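For the sequence shown, my numbering assigns the number 14 to the initial residue and increments by one for each residue that follows.
Built from N, CA and C at the ideal position, the CB exists for glycine as well.
Predicted model only: the values in this text are computed from it and were never measured.
Each remark here refers to the structure printed beneath this line.
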Amino acid sequence: MNTVVFRVVRLQIGLTTLAALCAALLTEDPSRGALSALAGGGIAIAGSLVYAWFAHGRRAHPGVILRRHFRAEAMKMFATLILFVVVISGFSSVSALALLGGFALAQSAYWLGLLSK
14 MNTVVFRVVR
24 LQIGLTTLAA
34 LCAALLTEDP
44 SRGALSALAG
54 GGIAIAGSLV
64 YAWFAHGRRA
74 HPGVILRRHF
84 RAEAMKMFAT
94 LILFVVVISG
104 FSSVSALALL
114 GGFALAQSAY
124 WLGLLSK
């Protein structure tokens, strides 16, 4: 994987940590809020890694690269959906707001990564 991927994932980890700290401070049950935010951020990070795994490869014809990116994006969406289902169905005490907040904040790393170039 290239350095851009590592920069985005590193930023996602930092933002997920921030989301967990905020959720711990703002929810009635700090551990439930923090774990929910960590799960949401973890879902975003896992999606990024899945995308990177499928998208990056050797140099190829532009059509091949485009198909690779479409496949990577589809796999990222599928992995994200499956992970949300697993977290929501597997952890009955999950805080939906903290879960989505952690996910959204971690996803914002893409935009922040573009701004920090």
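Kindly list the residues whose CB is nearer than 7 Å to the CB of residue i, restricted to its own chain and excluding five residues on each side of it in sequence; keep chain order.
i	result
residue 101	107
residue 68	81, 82, 85
Report buried or exposed for residue i, applying the criterion of at least 16 other Cβ atoms within 10 angstroms of its Cβ.
i	result
residue 49	buried
residue 112	buried
Please check the pair residue i and residue j, which I expect to be a contact at CB under 8 Å, by giving their CB distance rounded to whole angstroms.
i	j	result
residue 58	residue 119	6 Å
residue 52	residue 114	That belief does not hold up - the Cβ atoms of residue 52 and residue 114 are roughly 11 Å apart, past 8 Å.
residue 63	residue 92	5 Å
For residue i, collect the residues of the same chain with a Cβ closer than 6 Å to its Cβ; drop the 5 residues on either side in sequence, then sort them by chain order.
i	result
residue 55	none
residue 28	118, 119, 122
Short of 8 Å in beta carbon distance, which residues of its chain neighbour residue i, apart from the five on each side in sequence? Order them along the chain.
i	result
residue 34	47
Mind pulling the alpha helix (DSSP H) runs of 4 or more residues that sit fully within the stretch 31-93?
43-68
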